[in-house]
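Here the protein sequences come in this chain order: G and Z. Each residue of the first sequence is one higher than the last, beginning at 1 in the numbering used here. Each residue of the second sequence is one higher than the last, beginning at 1 in the numbering used here. Ideal Cβ placement from N, Cα and C applies to all residues, glycine included. Right, one structure below, let's go through it.
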Amino acid sequence: MSAEAVTTHPHAHHADVRRHLREEEARKGVRVGVWIFLASECILFAALIGTYVALAGRNVTGPYPRQVLDVPMAAVATFLLLASSLTMALAIASGREGRMGRSQLFLGLTLALGAGFLGIQGHEYLTLVRQGVLLNGNLFGATFYALTGIHGTHVLIGLLWLAGALVNSWRGRLNRRTAEALEFLGLYWHLVDMVWMVIFPVVYLMAFAR
Amino acid sequence: MRRSTTTGYLVTGVVTFAIAAIELSLVYLGVPGGKAALIPLMAVDFAVAALFYQGLWHERPMYKVIMAIGIFFGVFTFAGLVVMLSLGRIVRP
Chain G
1 MSAEAVTTHP
11 HAHHADVRRH
21 LREEEARKGV
31 RVGVWIFLAS
41 ECILFAALIG
51 TYVALAGRNV
61 TGPYPRQVLD
71 VPMAAVATFL
81 LLASSLTMAL
91 AIASGREGRM
101 GRSQLFLGLT
111 LALGAGFLGI
121 QGHEYLTLVR
131 QGVLLNGNLF
141 GATFYALTGI
151 HGTHVLIGLL
161 WLAGALVNSW
171 RGRLNRRTAE
181 ALEFLGLYWH
191 LVDMVWMVIF
201 PVVYLMAFAR
Chain Z
1 MRRSTTTGYL
11 VTGVVTFAIA
21 AIELSLVYLG
31 VPGGKAALIP
41 LMAVDFAVAA
51 LFYQGLWHER
61 PMYKVIMAIG
71 IFFGVFTFAG
81 LVVMLSLGRI
91 VRP
């Protein structure tokens, strides 16, 4: 606002400042809410992982994890998810710098990598079902599908959110000013990846490690 | 507020990849004590991602506290479940 406008419309200037402060307060509130949500997700996954660990090795009947788990395939899925976290971070960095084309590219890559992860998990589920690992089969089946299924659902929600963000960016609705919305998506996506960094060793690697 | 740079993100990516590769190596090489070694590696991987991908390193103390409370109660819940379910094995009705 020009100095002339301020001197002629001082109330307009004060109204602008008040609106800006209200928007700042609202943004802070949303940010706190997002962090509290992420903290609650840590507790949720800790409970699921704790249940898996506590009940591991207590199957009365098979199939047993060492017989059916495909570690190489799970490793590929893990590296896809790790890569998606990197591309997500680069998408956010590009959005902050106002480079929306680059941000769109990295968002698209994140979507593709996340979809690849889910595709591998879906293929794994089909293979396991054929091998007799069922949700109501034994303790391993119940805890495995509960843990990885809920994680997979979180990945799916993240993919839908990513798709929405991509569509918004194509329509020109994502810009430097609205890049904060992308940061919240990033916080969620990184948490999904961080949880998998614990699930993968606990479920797949500990079954085979000495 | 300071934030991670593109270089910081790339370094974080390399570190998380390296830790995952080390975890896989422990299993495939059949290293004794590999199972126990997975636990600190998992924790470091998680911490690196939280600090530098999520940006907790640069965030306000309030958000660090919120996440720390979530992780604390997560660990508490994890330990509680392991203990309770083990006790259920010992005590028979």
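Item, Value
"In whole angstroms, what separates the C-alpha of T77/Z from that of V198/G?", "15 Å"
"Measuring CB atoms only, is the segment 133–142 of chain G touching the segment 55–66 of chain G, in the sense that at least three cross pairs come out at less than 8 Å?", "yes"
"Can you tell me where the alpha helix (DSSP H) holding G152/G begins and where it ends?", "139–170"
"For the alpha helix (DSSP H) containing V14/Z, name the first residue and the last one.", "6–28"
"Run down chain G in chain order and give the residues with a C-beta less than 7 Å from the C-beta of L38/Z.", "P201, L205, M206, A209"
"Just mark S40/G as buried or exposed, buried being the case when its beta carbon has 16 or more other beta carbons within 10 Å.", "exposed"
"Counting beta carbon pairs with one atom in the segment 37–57 of chain Z and one in the segment 187–205 of chain G, are three or more of them shorter than 8 Å?", "yes"
"With 16 as the cutoff for other CB atoms within 10 Å, does L128/G come out buried or exposed?", "buried"
"Can you check which of these residues, A20/Z, Y53/Z, V44/Z, is closest to T7/Z by C-alpha distance?", "Y53/Z"
"Taking all protein chains shown into account, decide if Q121/G is buried (16 or more other Cβ within 10 angstroms of its Cβ) or exposed.", "buried"
"Taking only the alpha-carbon atoms, compute the straight-line gap between A209/G and M88/G and give it to the nearest angstrom.", "31 Å"
"Closer than 7 Å between beta carbons: that is the criterion. Which residues of the segment 72–83 of chain Z meet it against chain G?", "F73, G74, V75, T77, F78, L81, V82"
"Quick one: which chain Z residues come within Cβ less than 8 Å of F79/G?", "F17, A20"
"Which same chain residues, not among the five before or five after T16/Z, have their C-beta less than 7 Å away from its C-beta?", "D45, V48, A49"
"Output yes if chain G places a C-beta closer than 9 Å to the C-beta of P61/Z; else output no.", "no"
"Check whether chain Z comes within 9 Å of W35/G, counting only Cβ atoms and requiring the distance to be less than that.", "yes"
"If we ignore side chains and look at the alpha-carbon of each, how far apart do Y52/G and L86/G end up?", "28 Å"
"I'd like the span of the alpha helix (DSSP H) that includes H58/Z, first residue to last.", "From DSSP, H58/Z is part of no alpha helix (DSSP H); its letter is neither H nor E."
"When the Cα of C45/G is compared with those of V167/G, L182/G, I92/G, T148/G, which residue comes out closest?", "The amino acid at residue 45/G is misidentified as Cys; the sequence shows Phe. Checked all of V167/G, L182/G, I92/G, T148/G; the closest Cα to F45/G is T148/G."
"CA-CA distance, Y204/G and A163/G?", "30 Å"
"Please return the same chain residues whose Cβ sits closer than 7 Å to the Cβ of L134/G, not counting the five positions on each side in sequence.", "G141"
"What's the C-alpha gap between G55/Z and G88/Z?", "41 Å"
"Within a Cβ cutoff of 6 Å, which residues of the same chain sit near W161/G, ignoring the five residues on either side of it in sequence?", "L185"
"Taking DSSP as the reference, what is the three-state secondary structure of Q67/G?", "helix"
"With H, G and I counted as helix, E and B as strand and the rest as coil, what does DSSP make of L135/G?", "coil"
"Is T178/G buried or exposed, if buried means 16 or more other CB atoms sit within 10 Å of its CB?", "exposed"
"Classify V6/G as buried or exposed, calling it buried when 16 or more other Cβ atoms lie within 10 Å of its own Cβ.", "Any reading at V6/G must be qualified, since the residue scores a pLDDT of 48, below 50, and its modelled position is unreliable; the value itself is stated next. That one is exposed."
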